[in-house]
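Chemist: Got a structure for you, written out below as structure tokens; questions coming shortly.
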Amino acid sequence: MAISAVSKFHIFAHLSIKEPILSELQKLGCVEISRIEEKAEFHNWKDIEEDTKSGTTVKLNNIKFCIELLSSYGSEKRRRLNSLFSSKKSYSYNELVKISQQFDYEKLFTQCKELDNELSQIKLQENKLITAKQEIEKWQDLELDFNEIDKRKYIKYILGFITKKYFNNLVFDIEHLVKTTIIQTIKEEKNKLNIIIITLKENQPNIDSILQKYHFEIYKYSYSFTGTPKQILKTISEQLILIDKRRSEIAQTLIKLHQDNQLIYPLYDYLSIKHEKEEAKKYLKKSEKIIAIRGWIQNKDIPKLKQRLEKNYNEYEIDFTKPKKDEQIPVALNNNNLVKPFEIITELYSLPNYYEIDPTPILSIFYFVFFGLCLSDVGYGASMALISHIAIKKIKLGEGPTKFFKLLYYCGISGIFGGILVGSWFGDILNYLPPMFTNLRNVLIQKLALFEPADNPLPLLILSLTLGVIQVYIGIILKFIINIRSGKLYDGLMDQVSWLFLLTGILLVLLKGIMPSIIGNISWIIALIGILTIVLTQGRTKKNILLRIGSGVLALYDITGYFSDVLSYSRLFALGLATGIIAQMFNMLSTMVNIPYIGFLLTIIILIIGHTFNLLISGLSAFIHDARLQYVEFFTKFYQAGGIPFKPFALKTKYVKVEDVNK
Amino acid sequence: MTDGIVLAYLGAALAIGLAGSGSAIGVGIAGTSGAGIMTEDPGKFGLVLLLQALPGTQGIYGLLVGFLVLTKIGIFAGTPATLTINQGLQILNACLPIAIAGFFSAIYQGKASAGSIGLIARRPEETGKAVVMPAMVETYAVLSLLGSILLLNGVVL
């Protein structure tokens, strides 16, 4: 339906125009280049190797490194946020080439590298200092130079930690067994004591054995700082301040560098364009004088390609062939502007394969309707539509985001319709309007709204299930059409039409009450035809006749599948109701603040926060559950998927826009 | 205050409390694995947050049912209805689907979300699928919400 017809093309050109022709194709951006693999046809052809070592990849990585460093340090948060909402700068292709020739990135790269190294060294040093600080803080109250400890002739200092419960025993033992010894507690921690023992050198063997008995942990000072712990701590803090200072200096330098080197962004994009071109060259083949390019092109773009080549070159030959069945044919969807945004939903699942029907046009109708029922609030729908509209009009977004916002725009519109249908305007906010608007409210809620899901849920629930029945039917019918198209009419009759009979029969039986009696009578017959065909045909792959009937009967069990598929659509009703009730909840909450003067302000704040929250949560639910209905209930009926996306060889950029390439 | 209204309160409390607890557990599970992913790639914060938020809806459904119950028995209007034990039990029963299924589905949805977070860590291009998988679990929360609403609607005061 709306899968673009593609052709395979071969271009044979003189070697001298290899570069310009590739650039031309890249600027045109409508062909996908594929690898030439056949050995037979291209017997003596060789790969192009000459400039795969041009160093573009290395350059690209270096620049990426610069950009990451500069943008993480160099720009404040505010500016980064701005860049999200601001348009990309535009350059012409020639400007890009010029920038790449003039901009001396090597210098910037060396600078960035040095600064980055310094930053990591500083970080390392800082960590060391902090560890030292934590260690020495434990001995803060010791009025002794660590380096003096081992230099005394007669006196021995022992520093260390002991568990609290052993401390008294230790003191007792030492006082009784060793003479002339002082024990002092320096610091008390959770269950440990930092103590110093001052004694005579001759006592050491005695003391050591006592210490061992009480699991005393000797502290060994291992830093090169000199002075008492207090002095050392002072030195450390001074050094830490220096480090901080240096770091902010570096940050300043980086900000400056970032401002001065804005051209690095277009340069990056130019190089990635070049890189893409070099990658494409790997797919080509060359003989002594000729290069061969193979690729895919959408048929609608063929005239454009021909014209461009004819205008600029002579020494080439181009031919187009129809794709063969066994080839991997890339798939591009080609829908009109209304349907196009919904391609996102199809692509999220998987593209159709080349010979399949593109489900997007049908999906788009259902997705639109379902979203409206799930969101079902005029206020939320309008907010969504408005925000997306502004995003599309005011911000020059890329192709992808624009498509997404268009989808949101349509979804918002659908939400407005859904809201009108159930009479939900930011929940029940109309009820809070002053009395003079009573008429307006009556028109909006009582005249326009067709359903009152909170008071009488059944009608809307039935509508949801009916939509489900319709979509399931369409799914089955689509599969039938696919079967016919691929020449399997009988399979279609046995696998799909039989089920259509059975399901229709059951539906009619269920609806007996509201149908003319004549239909009530034939509904059983219709159902019976369905059952018989299913029982007789579903086991047709089995050889044994009994097995055949057996699996036919078993196939009837699938009826539960269809049943649960349809019930699954009840979520449309439930989610729609949920949106309205949560909104009501916030409206009610907001009126509960009865504080003089600031009460009004609080009401407004609660309303804004509450409704924003509800819009986000309900919008997300609607988006996901709507998609799920398409994927699980609809696609499973007929959709094969598995198409490989058409990836055009084009000017792909990240930071800047390239304009005027096709003039 | 009549005995019936106590039962209705119990129903509302169960709906809000159990479904909310389930969501808290689910969001917690998803959050733990999300935090792990972000140590490697903080840029995925938006996506991870979205996946983490998915098991949060059960709590909202529970609150919603609780709110419906309170509206139904006229708490907000200021004049609570007089409920018989029988009516109170009916309301309590109506709250059970979302209380029970909300609690369990939120936990399992949390696990599915955690799995999906792992998926986008390795294959960011599969985000769409990653978001849809946990939503499969939520189906049952939506259905139980529907059940609760319908049951509640059937209670005649």
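From first to last, the protein sequence lines stand for chains A and B.
Residues in the first sequence are numbered from 1 upward in steps of one, following my numbering.
Residues in the second sequence are numbered from 1 upward in steps of one, following my numbering.
Using N, Cα and C, we set each Cβ at its ideal position, and we do this for glycine too.
#1: Less than 6 Å between C-beta atoms, sequence neighbours within five positions excluded: which residues of the same chain meet that for Gly379/A?
#2: If we cut at 8 Å on Cβ distances, does Arg78/A have a partner in chain B?
#3: If you reduce the DSSP assignment to three classes, tell me which class Ser395/A lands in.
#4: Would a check of beta-carbon distances place His611/A closer than 8 Å to chain B?
#5: Answer with yes or no whether the minimum CB distance from Gly119/B to chain A is below 8 Å.
#6: Give me, in chain order, the residues of the same chain whose beta-carbon lies closer than 6 Å to that of Leu565/A; leave out the 5 immediate sequence neighbours on both sides.
#7: In the stretch 240-288 of chain A, which residue ranges form an unbroken alpha helix (DSSP H) of at least 4 residues, counting only runs that do not cross its ends?
#8: Measure the C-alpha to C-alpha separation of Leu211/A and Gln121/A and round it to an integer number of angstroms.
#9: How far does the beta strand (DSSP E) with His611/A in it extend, from its first residue to its last?
#10: Between the stretch 29-38 of chain A and the stretch 644-657 of chain A, do at least 3 Cβ pairs fall closer than 8 Å?
#11: Per DSSP, which one or two residues make a beta bridge with Gly160/A?
#12: Around the C-beta of Val156/B, are 16 or more other C-beta atoms found within 10 angstroms, so that it is buried, or is it exposed?
#13: Among the candidates Arg548/A, Thr533/A, Leu528/A, whose CA atom is the shortest distance from the CA of Gly539/A?
#14: Please confirm whether Asn153/B has its beta-carbon closer than 8 Å to some beta-carbon of chain A.
#15: Closer than 7 Å by C-beta to Ile250/A: which residues in its own chain qualify, once you throw out the five before and the five after it? Chain order, please.
#16: Going along chain A in order, which residues have a C-beta closer than 8 Å to the C-beta of Met136/B?
#17: Based on the DSSP secondary-structure assignment, which residues constitute the bridge partners of Arg294/A?
#18: How big is the Cα-Cα spacing for Lys306/A and Leu373/A?
#19: Excluding the five sequence neighbours on either side, which residues of its own chain have a C-beta within less than 6 Å of the C-beta of Val6/B, listed in chain order?
#20: Taking only beta-carbon positions, decide if Met384/A is within less than 8 Å of chain B.
#21: Rounded to whole angstroms, how far is the Cβ of Val65/B from the Cβ of Ser116/B, which I believe are closer than 8 Å?
#22: For Ser16/A, which residues in the same chain have their Cβ closer than 7 Å to its Cβ, ignoring the five residues on either side in sequence?
#23: With 8 Å as the threshold, decide whether the Cβ of Tyr140/B is near any Cβ in chain A.
#24: In chain order, what residues of the same chain lie with their CB nearer than 7 Å to the CB of Glu19/A, ignoring the 5 residues before and after it?
#25: Assuming Val137/B and Ile624/A form a contact by the criterion Cβ under 8 Å, report the distance between their Cβ atoms to the nearest whole angstrom.
#26: According to DSSP, Tyr91/A sits in a beta bridge with which residue or residues?
#27: Quick check: the stretch 570-579 of chain A against the stretch 608-625 of chain A, are at least 3 beta-carbon pairs closer than 8 Å?
#28: Kindly give me the distance between the Cβ atoms of Gly26/B and Ala141/B, rounded to whole angstroms, as I take these residues to be in contact under 8 Å.
#29: Is Tyr557/A helix, strand or coil when you go by DSSP?
#30: Report yes if the CB atom of Ile3/A is closer than 8 Å to the CB atom of Pro352/A, and no otherwise.
#31: Specify the secondary structure class of Val31/A as computed by DSSP and reduced to three states.
#32: Just the C-alpha distance for Lys164/A and Glu217/A, rounded to the nearest angstrom, thanks.
#33: Can you tell which of Arg152/A, Asn191/A, Asp358/A, Ser551/A has the C-alpha that lies nearest to the C-alpha of Phe161/A?
#34: Beta-carbon separation of Val48/B and Ile60/B under 8 Å?
#35: Give me the Cβ distance between Phe42/A and Ile36/A, rounded to the nearest whole Å; I'm assuming they're in contact under 8 Å.
#36: Flag Leu92/B as yes if its beta-carbon sits less than 8 Å from any beta-carbon of chain A, otherwise no.
Modeler: So, to answer that:
#1: Here the set comprises Trp425, Phe426.
#2: Low per-residue confidence applies at Arg78/A: pLDDT is 48, beneath 50, and the placement is therefore not dependable, though the value from the model is reported in the following sentence. No, Arg78/A does not count as interfacial toward chain B.
#3: In the sequence as presented, Ser is not what sits at residue 395/A; that position holds Ile. Note: Ile395/A maps to coil in three-state DSSP.
#4: Chain B, which has no Cβ nearer than 8 Å to the Cβ of His611/A, makes this no.
#5: Reading off the sequence, residue 119/B comes out as Leu, not Gly. Not one chain A Cβ lies under 8 Å of Leu119/B.
#6: Rather than Leu, the amino acid found at residue 565/A in this sequence is Asp. Contacts found: Val472, Glu633.
#7: Fully enclosed alpha helix (DSSP H) runs of 4 or longer: 264-281.
#8: Cα to Cα, Leu211/A sits roughly 41 Å from Gln121/A.
#9: Counting along the chain, His611/A falls outside any beta strand (DSSP E), though it belongs to the alpha helix (DSSP H) covering 599-628.
#10: Remark: three or more beta-carbon pairs, one from each stretch, lie closer than 8 Å, so the stretch 29-38 of chain A and the stretch 644-657 of chain A are flagged as touching.
#11: BP columns for Gly160/A point to Ile195/A, Ile218/A.
#12: Exposed, by the Cβ-count rule.
#13: Of the listed residues, the one whose Cα sits closest to Gly539/A is Arg548/A.
#14: So, interface residue.
#15: Apart from sequence neighbours up to five positions away, the residues of its chain that approach Ile250/A with a beta-carbon distance below 7 Å are Leu115, Glu118, Leu119, ordered along the chain.
#16: Arg628, Val632, listed in chain order.
#17: In the DSSP output, where bridge partners are listed per residue, Arg294/A has His10/A.
#18: If I take the Cα positions, the gap works out to 48 Å.
#19: Taken in chain order, the list of residues that qualify is empty.
#20: Not an interface residue.
#21: Their Cβ separation, rounded to whole angstroms, is 27 Å, which puts Val65/B and Ser116/B out of contact at 8 Å.
#22: Counting only Cβ-Cβ distances below 7 Å, and skipping sequence neighbours, we find nothing.
#23: Judged by the 8 Å Cβ criterion, Tyr140/B is not in contact with chain A.
#24: No residues qualify anywhere along the chain.
#25: In fact, because the Cβ distance is near 12 Å, the residues do not count as touching under 8 Å.
#26: According to DSSP, Tyr91/A bridges with Val658/A.
#27: Short answer: they touch.
#28: The pair is not a contact, with the Cβ atoms about 10 Å apart (cut-off 8 Å).
#29: Three-state result, Tyr557/A: helix.
#30: Their beta carbons are under 8 Å apart, which means Ile3/A touches Pro352/A by this criterion.
#31: Of the three classes helix, strand and coil, the one that applies to Val31/A here is strand, per DSSP.
#32: Their backbone Cα atoms lie some 12 Å apart in a straight line.
#33: Nearest C-alpha to Phe161/A among Arg152/A, Asn191/A, Asp358/A, Ser551/A: Asn191/A.
#34: Judged by beta-carbon spacing, Ile60/B lies beyond the 8 Å limit of Val48/B, meaning their Cβ atoms are not closer than that value.
#35: So it is a contact: roughly 6 Å between Cβ atoms.
#36: No - not a single Cβ of chain A is within 8 Å of the one on Leu92/B.
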